[in-house]
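J.: So the protein sequences, as listed, match chains A, B and C.
Just so we're aligned: the first sequence equals residues 1 to 92 in UniProt numbering.
Just so we're aligned: the second sequence equals residues 1 to 84 in UniProt numbering.
Just so we're aligned: the third sequence equals residues 1 to 252 in UniProt numbering.
Glycine is no exception: its CB is placed at the ideal position from the N, C-alpha and C atoms.
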Amino acid sequence: MTKLMEWLFGLTLLSTVWLTLSFDLLGLNLPETYQQAIWPFPIYLLLIFGCYSLATIGFRVATFNNCEDAARELQDQIQEAKKDLARRGLKF
Amino acid sequence: MATKTDQLVGFSILGFSLALFTYCSVWIIALPFIDSDHVIHSYFLPREFSVLLPLVAGLLLLLSVGFFISFVMWKNWRPKKKYE
Amino acid sequence: MERRRRPGPGEAGDSVEKYSVLLPTYNERENLPIIVWLLIKYLGDSGYNYEIIIIDDGSPDGTLEVAKQLQSIYGTNKILLRPREKKLGLGTAYIHGMQHATGNFIIIMDADLSHHPKFIPEFIRKQKEGNFDVVSGTRYKGNGGVYGWDLKRKIISRGANFLTQILLRPGASDLTGSFRLYKKKVLQKLVEKCVSKGYVFQMEMIVRARQLNYTIGEVPISFVDRVYGESKLGGSEIISFAKGLLTLFATT
Numbered sequence: 001m002t003k004l005m006e007w008l009f010g011l012t013l014l015s016t017v018w019l020t021l022s023f024d025l026l027g028l029n030l031p032e033t034y035q036q037a038i039w040p041f042p043i044y045l046l047l048i049f050g051c052y053s054l055a056t057i058g059f060r061v062a063t064f065n066n067c068e069d070a071a072r073e074l075q076d077q078i079q080e081a082k083k084d085l086a087r088r089g090l091k092f
Numbered sequence: 001m002a003t004k005t006d007q008l009v010g011f012s013i014l015g016f017s018l019a020l021f022t023y024c025s026v027w028i029i030a031l032p033f034i035d036s037d038h039v040i041h042s043y044f045l046p047r048e049f050s051v052l053l054p055l056v057a058g059l060l061l062l063l064s065v066g067f068f069i070s071f072v073m074w075k076n077w078r079p080k081k082k083y084e
Numbered sequence: 001m002e003r004r005r006r007p008g009p010g011e012a013g014d015s016v017e018k019y020s021v022l023l024p025t026y027n028e029r030e031n032l033p034i035i036v037w038l039l040i041k042y043l044g045d046s047g048y049n050y051e052i053i054i055i056d057d058g059s060p061d062g063t064l065e066v067a068k069q070l071q072s073i074y075g076t077n078k079i080l081l082r083p084r085e086k087k088l089g090l091g092t093a094y095i096h097g098m099q100h101a102t103g104n105f106i107i108i109m110d111a112d113l114s115h116h117p118k119f120i121p122e123f124i125r126k127q128k129e130g131n132f133d134v135v136s137g138t139r140y141k142g143n144g145g146v147y148g149w150d151l152k153r154k155i156i157s158r159g160a161n162f163l164t165q166i167l168l169r170p171g172a173s174d175l176t177g178s179f180r181l182y183k184k185k186v187l188q189k190l191v192e193k194c195v196s197k198g199y200v201f202q203m204e205m206i207v208r209a210r211q212l213n214y215t216i217g218e219v220p221i222s223f224v225d226r227v228y229g230e231s232k233l234g235g236s237e238i239i240s241f242a243k244g245l246l247t248l249f250a251t252t
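(1) Of all the residues that make up the region 123 to 154 of chain C, which are near chain B by a beta-carbon distance shorter than 7 Å?
(2) Any contact of the region 216 to 223 of chain C with the region 129 to 145 of chain C, i.e. 3+ C-beta pairs under 8 Å?
(3) Answer yes or no: does any C-beta atom of chain B fall closer than 9 Å to that of residue 66 of chain A?
(4) Reducing DSSP to helix, strand and coil, say where residue 84 of chain C ends up.
(5) Listing by chain order, which chain C residues have their CB less than 7 Å from the CB of residue 5 of chain B?
(6) Would you mind sorting residue 53 of chain C into buried or exposed? The rule is 16 or more other CB atoms within 10 Å of its CB.
(7) Strictly under 9 Å for the Cβ-Cβ distance: is residue 71 of chain B near chain C by that measure?
(8) Taking only the alpha-carbon atoms, compute the straight-line gap between residue 100 of chain C and residue 20 of chain C and give it to the nearest angstrom.
(9) Taking the continuous alpha helix (DSSP H) assigned at residue 63 of chain C, which residues delimit it?
(10) To the nearest angstrom, report how far apart residue 207 of chain C and residue 47 of chain A are at their CA atoms.
(11) In the DSSP assignment, find the alpha helix (DSSP H) that holds residue 102 of chain C and state where it starts and stops.
(12) Please list, in chain order, all residues of the same chain as residue 166 of chain C whose beta carbon is under 6 Å from its beta carbon, the five residues on each side excluded.
(13) Using three-state DSSP, classify residue 244 of chain C as helix, strand or coil.
(14) Between residue 104 of chain C and residue 61 of chain C, which are expected to be in contact by the criterion C-beta below 8 Å, what is the C-beta distance as a whole number of angstroms?
(15) Exposed or buried, residue 154 of chain C, counting other C-beta atoms within 10 Å across all chains shown (16 or more means buried)?
(16) For a contact meaning CB atoms closer than 9 Å, what does residue 59 of chain A contact in chain B?
(17) According to the neighbour-count rule (16 or more other Cβ atoms, all chains shown, within 10 Å of its Cβ), is residue 170 of chain C buried or exposed?
(18) Using the rule of at least 16 other Cβ atoms within 10 Å of the residue's Cβ for burial, across every protein chain shown, is residue 89 of chain A buried or exposed?
(19) Could you check if residue 149 of chain C is buried or exposed, using at least 16 other CB atoms within 10 Å of its CB as the buried criterion?
(20) Determine, using beta carbons only, whether residue 116 of chain C comes closer than 9 Å to chain A.
(21) Relative to chain B, which residues along the region 233 to 246 of chain C have a C-beta separation below 7 Å, given in chain order?
(22) Quick check on this structure: which residue in C:113, C:79, C:48, C:77 has the alpha carbon closest to the alpha carbon of residue 76 of chain A?
(23) Which residues, in chain order, does the region 81 to 98 of chain C contribute to contact with chain A at a C-beta distance below 8 Å?
(24) Could you give the distance in angstroms between the alpha-carbon of residue 183 of chain C and the alpha-carbon of residue 195 of chain C?
(25) Could you check which residue in A:57, A:42, A:64 has the C-alpha nearest to that of residue 58 of chain B?
(26) Do residue 67 of chain C and the ligand HEM come close, with the Cβ less than 8 Å from some heavy atom?
(27) Roughly how many angstroms lie between the CA atoms of residue 33 of chain B and residue 12 of chain B, to the nearest whole one?
(28) I need the DSSP call for residue 31 of chain C, collapsed to helix, strand or coil.
(29) Whole-angstrom Cβ separation of residue 107 of chain C and residue 123 of chain C, contact assumed at under 8 Å?
(30) From the DSSP output, which residues share a beta bridge with residue 23 of chain C?
(31) Whose C-alpha, out of A:55, A:51, A:56, is nearest the C-alpha of residue 54 of chain B?
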């Protein structure tokens with residue numbers, strides 16, 4: 001099963017549940033307050049996903065390691081390498 | 001350690017999304033269960049907007065993505081100079 | 001009691017591992033001597049058996065010239081040259097490089113000094129730890145990181161990586177990285193199966209590896225981007241990345 005198919009399967013499942021509950025297909029007759037909370041659910045799920053994405057990306061940007069030491073070390077090593085190679089006869 | 005700017009921007013985005021999540025959760029899930037004469041309802045728009053606003057925002061997002069793609073494709077209309 | 005000594009360079013043996021480093025180059029005249037020097041330093045100190053294979057795609061700046069000089073300094077058993085006439089793409093460069101590689105492990109990396117050879121002994125250690133088929137360097141986990149990227153680049157990078165994690169659930173944190181250690185047979189199998197180019201090629205390698213149930217280990221690395229002033233991440237790169245991602249999403 002491809003990832004796409006997994007997603008479609010999951011979405012179909014969720015849609016069926018939502019449709020059944022929203023349009024009262026099973027004749028369950030839920031109280032009005034529950035119905036009020038259920039019908040915007042697809043939008044709510046999208047919102048949750050959107051917020052989760054933003055939160056995760058925001059957190060990961062805030063904790064993205066900035067490797068200053070590595071850059072400095074590299075600079076030093078470049079100098080060292082150039083000297084050593086020149087000594088060994090490399091014509092730059 | 002990330003740079004100060006990165007931390008500032010990153011945590012702001014994080015904070016904003018948490019606030020948005022809280023607001024929407026209360027709006028959509030909690031409000032129906034709270035008596036309609038409670039003062040909290042005055043902080044939230046009518047229920048229809050809880051679907052309309054995200055839909056409009058989503059549409060705008062899709063439109064922007066569409067524009068971005070069209071723009072990039074238009075810019076690359078010239079024959080490519082380098083081989084890839 | 002017999003004490004086992006780790007085989008030194010050049011010693012023959014049945015189960016001695018040899019590591020072939022593949023360096024595809026294009027216009028790296030300045031960086032090539034440095035990266036080779038660093039490779040010799042860190043791999044030499046480690047005592048592992050290794051060779052460096054330089055695959056130059058007809059660089060107009062004389063990279064091959066420098067490569068030949070390096071070969072005369074360090075020896076033709078340590079430095080192999082497998083040049084090509086023109087720029088033909090990374091996948092074929094790996095295939096070309098592997099054809100005469102005598103190692104049973106292949107290390108792929110960038111030759112522009114963004115990847116630092118000091119991590120290679122860590123890759124090797126990690127590989128031995130879990131007998132991993134693939135060891136991938138990651139910029140996104142542990143104390144891995146980046147230097148030389150502005151905020152916009154970092155946001156796009158994290159955003160793209162987030163999207164790939166959500167859609168592909170690949171089991172590796174850095175899909176677009178190209179600093180990796182592969183068992184030779186595994187790399188051969190994977191390159192055969194992959195069809196994409198650029199960033200997506202590296203992504204596809206990991207995705208296919210998962211499909212074939214290969215094990216993947218990770219080592220945090222630091223990535224030092226020194227290509228200042230050049231906009232490497234333009235709109236078309238983003239679009240082709242998205243296209244590649246969606247293709248992998250729909251087909252694997």
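T.: With the given structure in hand:
(1) 151, 154
(2) yes
(3) yes
(4) strand
(5) 151
(6) buried
(7) yes
(8) 10 Å
(9) 63 to 74
(10) 29 Å
(11) Unbroken run through residue 102 of chain C: none, as it is neither H nor E.
(12) none
(13) helix
(14) Not quite, the Cβ-Cβ distance comes to about 33 Å (not below 8 Å), so this is no contact.
(15) buried
(16) 10, 11, 13, 14
(17) buried
(18) exposed
(19) buried
(20) yes
(21) 235, 236, 239
(22) C:113
(23) none
(24) 20 Å
(25) A:42
(26) What this structure holds is no ligand at all, so the ligand HEM is not there to describe.
(27) 31 Å
(28) helix
(29) 7 Å
(30) C:54
(31) A:51
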